[in-house]
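S.K.:
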Amino acid sequence: MRRAAATVLAAIAMLGLGAASSCAFQRPPYGGEKESALVAATVAPDVKKVQSLLASGADPNKMVPYKDHYQSAWSLALYQLRPQHPELVQIVRAMLKAGANPETAWGTQEARGIYRQTDRSAILIAMLHPDDDVIRAIIEAGLNPRLGQNALVMAIETGQSNIAHLLVEAGVDANCHPGALTPLVAAIEARDVAMMSYLEEHGAREKP
Amino acid sequence: MNLLYMLLGLNRAGRILYRTLFVLAVPAGVVWFVVLPGLRFHDADERLFRAARHGDGAAVERSLAAGGRLNVAAPVDGKTALFRAAVFGHADLVRMLLKRGADSQARGNDGRTVLEVVVGARADEHDPAKAQALDAVISVLRNAEAGR
Chain A
346 MRRAAATVLA AIAMLGLGAA SSCAFQRPPY GGEKESALVA ATVAPDVKKV QSLLASGADP
406 NKMVPYKDHY QSAWSLALYQ LRPQHPELVQ IVRAMLKAGA NPETAWGTQE ARGIYRQTDR
466 SAILIAMLHP DDDVIRAIIE AGLNPRLGQN ALVMAIETGQ SNIAHLLVEA GVDANCHPGA
526 LTPLVAAIEA RDVAMMSYLE EHGAREKP
Chain B
810 MNLLYMLLGL NRAGRILYRT LFVLAVPAGV VWFVVLPGLR FHDADERLFR AARHGDGAAV
870 ERSLAAGGRL NVAAPVDGKT ALFRAAVFGH ADLVRMLLKR GADSQARGND GRTVLEVVVG
930 ARADEHDPAK AQALDAVISV LRNAEAGR
């Protein structure tokens with residue numbers, strides 16, 4: 346009798362573990378030939394071709410092999426953003442319009458010689474080379490305000506006031522505490538009086 | 810004799826005593842070092858910091874009268890109101906806070922004193938007006954140090 350109860354308990358525990366793991370780990374999305382063509386057009390960069398491929402149903406979120414590793418066109422498009430390259434911004438906007446995930450981008454990341462397929466925050470990739478239009482497009486595509494908190498602190502630390510204003514107006518909490526710093530303390534460290542006053546108006550406090 | 814054994818942790822009662830003390834010490838430490846410093850930061854302190862950031866001497870007086878404490882550390886970076894006034898170049902306010910008894914040797918969570926922070930800020934300030942204000946703060950802080 347006890348043994349049967351133990352077996353039942355073990356079965357329930359395994360079911361629970363299975364359910365938990367299926368929630369915690371998202372299966373990486375993989376694409377086919379259309380997505381390979383999309384990746385090639387993205388890194389070319391060929392705006393017209395990207396647009397036509399997206400129109401024909403290529404999914405920017407899906408990963409395909411590119412230079413020995415799986416990458417999604419969406420992740421590559423975000424990483425290749427540079428200032429004064431409007432065509433790269435156009436590609437990002439086209440992908441968002443075609444259903445690219447405004448929250449995460451799948452790709453292969455290298456850390457200390459180990460390659461892993463992971464999804465990274467799209468807005469944090471965009472913040473490597475910040476551009477107002479890209480951030481605005483990601484916000485319009487439906488960014489979860491919680492994911493914009495780190496980006497807000499980064500924008501203030503690097504003095505990107507326009508982007509900080511965009512994020513706060515999009516509903517990112519000015520009184521958040523996502524990492525080591527709050528937006529207010531970041532503005533103080535940058536000695537940015539205008540940003541500090543702006544954050545105070547939006548409810549930022551020393552004690553978040 | 811039994812009592813002595815217990816106090817030295819040699820018998821069963823002693824072991825229970827010390828185990829209980831150890832188990833209680835961990836949550837007590839967490840509460841004392843993590844929870845309370847956050848709770849201790851009141852609205853009056855918040856107003857004091859805000860006034861210090863904006864260099865508003867009258868508002869600093871008001872918040873001190875309302876119960877704001879001069880040497881309380883900010884919950885996020887562990888710095889005091891003196892740091893806030895100093896990095897924004899409010900030399901008069903820094904002088905006033907020091908006269909009221911603000912601790913010029915207090916260190917933030919990054920381990921730096923006010924003078925170190927302001928000297929660092931001065932080194933990467935390019936705006937001449939702001940640099941001049943920071944120089945004034947540095948001289949006030951150096952004078953206070955010399956007068957100690």
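Residue numbers (our numbering), protein chains in the order written: chain A, 346 to 553; chain B, 810 to 957.
Ideal Cβ positions, reconstructed from N, Cα and C, are used throughout, including at glycine.
1. Expressed to the nearest angstrom, what Euclidean distance is found between the alpha-carbon atoms of Ser420(A) and Trp841(B)?
2. List, in order along the chain, the chain B residues whose C-beta lies closer than 8 Å to that of Leu526(A)?
3. Answer yes or no: does any C-beta atom of chain A fall closer than 8 Å to that of Ala930(B)?
4. Where does Asn489(A) land, buried or exposed, given buried means 16+ other C-beta within 10 angstroms?
5. By DSSP, does Ser367(A) sit in helix, in strand, or in coil?
6. Under 8 Å, Cβ to Cβ, is there at least one residue of chain A near Val927(B)?
7. Find the nearest neighbour of Val928(B) within the set Ala938(B), Ala945(B), Asp912(B), judged by alpha-carbon distance.
8. Is any beta-carbon of chain B found at less than 8 Å from that of Ser367(A)?
9. In three-state DSSP terms, what is Pro528(A)?
10. Is it buried or exposed, Lys412(A), if we count other Cβ atoms within 10 angstroms and call 16 or more buried?
11. List, in chain order, every chain B residue whose beta-carbon is nearer than 7 Å to that of Met540(A).
12. Answer with yes or no whether the minimum CB distance from Arg916(B) to chain A is below 8 Å.
13. On the DSSP letters alone, give me the boundaries of the alpha helix (DSSP H) that Glu514(A) sits inside.
14. Can you find at least 3 beta carbon pairs, one from the region 824-842 of chain B and one from the region 532-546 of chain A, that sit closer than 8 Å?
15. With C-beta atoms as the reference, is Ile459(A) less than 8 Å away from Val392(A)?
16. Ordered along the chain, which non-local residues of its own chain (more than five positions away) have a Cβ less than 8 Å from that of Glu934(B)?
17. Which residues does DSSP pair with Gly452(A) in a beta bridge?
18. Give the secondary structure of Val881(B) by DSSP, where H, G and I count as helix, E and B as strand, and everything else as coil.
19. Please tell me whether Ala911(B) and Gly877(B) are closer than 8 Å, where the distance is taken between their beta carbons.
20. Could you tell me whether the Cβ of Ile533(A) comes closer than 8 Å to any Cβ of chain B?
21. Excluding five sequence neighbours on each side, which residues of the same chain lie with their C-beta closer than 8 Å to the C-beta of Ser326(A)?
22. Under DSSP, the alpha helix (DSSP H) around Val479(A) begins and ends at which residues?
23. Using DSSP with H/G/I as helix, E/B as strand and the rest coil, what is Arg916(B)?
24. Pull up the CB-CB distance for Arg438(A) and Val896(B), whole angstroms please, since I reckon it's below 8 Å.
25. With respect to the beta strand (DSSP E) encompassing Val409(A), which residues constitute its N-terminal and C-terminal limits?
26. Scan the region 815-834 of chain B for residues whose Cβ lies nearer than 7 Å to a Cβ of chain A and list them as they occur along the chain.
27. What first and last residue would you give for the beta strand (DSSP E) that runs through Gln416(A)?
28. What does the alpha-carbon distance come out to for the pair Gln396(A) and Leu469(A)?
M.R.: Taking the structure as given:
1. Annotation: Ser420(A) to Trp841(B) spans about 45 Å, alpha carbon to alpha carbon.
2. Here the neighbours are Val885, Asp886.
3. Chain A contact via Cβ: present.
4. Under this definition Asn489(A) is an exposed residue.
5. Note that Ser367(A) scores a pLDDT of 49, beneath 50, so its modelled location is shaky and nothing firm can be said.
6. No, its Cβ sits nowhere closer than 8 Å to a Cβ of chain A.
7. Selected option, being the one with the closest Cα: Ala945(B).
8. The pLDDT assigned to Ser367(A) is 49, lower than 50, so where the model puts this residue is not dependable; a value taken from the coordinates is nonetheless given after this. Cβ-Cβ to chain B under 8 Å: no for Ser367(A).
9. Reduced to three states, the DSSP call for Pro528(A) is helix.
10. By the Cβ neighbour-count rule, Lys412(A) is exposed, with fewer than 16 other Cβ atoms within 10 Å of its own.
11. What Met540(A) touches in chain B: nothing, since even the nearest Cβ is about 12 Å away.
12. False, the Cβ-Cβ gap to chain A never drops below 8 Å.
13. Glu514(A) -> alpha helix (DSSP H) spans 506-514.
14. Contact between the region 824-842 of chain B and the region 532-546 of chain A is absent, because fewer than three Cβ pairs lie under 8 Å.
15. At a Cβ-Cβ threshold of 8 Å, Ile459(A) and Val392(A) do not count as neighbours.
16. The residues are Ala940, Leu943.
17. The beta-bridge partner set that DSSP reports for Gly452(A) consists of Thr463(A).
18. When secondary structure is reduced to three states using DSSP, Val881(B) falls in the coil class, being assigned neither helix nor strand.
19. Between Ala911(B) and Gly877(B), the gap from beta carbon to beta carbon reaches 8 Å or more.
20. For Ile533(A), a Cβ of chain B is located within less than 8 Å of the residue's own Cβ.
21. The shown model of chain A, from 346 to 553, leaves out residue 326(A), and the question about it has no answer.
22. Element bounds for Val479(A): 477-485.
23. Correct three-state label for Arg916(B): strand.
24. Wrong, their Cβ atoms sit about 39 Å apart, outside the cutoff.
25. Where Val409(A) is concerned, the enclosing beta strand (DSSP E) stretches over 408-411.
26. Within the region 815-834 of chain B, no residue has a Cβ lying closer than 7 Å to any Cβ of chain A.
27. Taken as a continuous stretch (DSSP letters only), the beta strand (DSSP E) holding Gln416(A) covers 414-417.
28. Those two C-alpha atoms are separated by around 24 Å.
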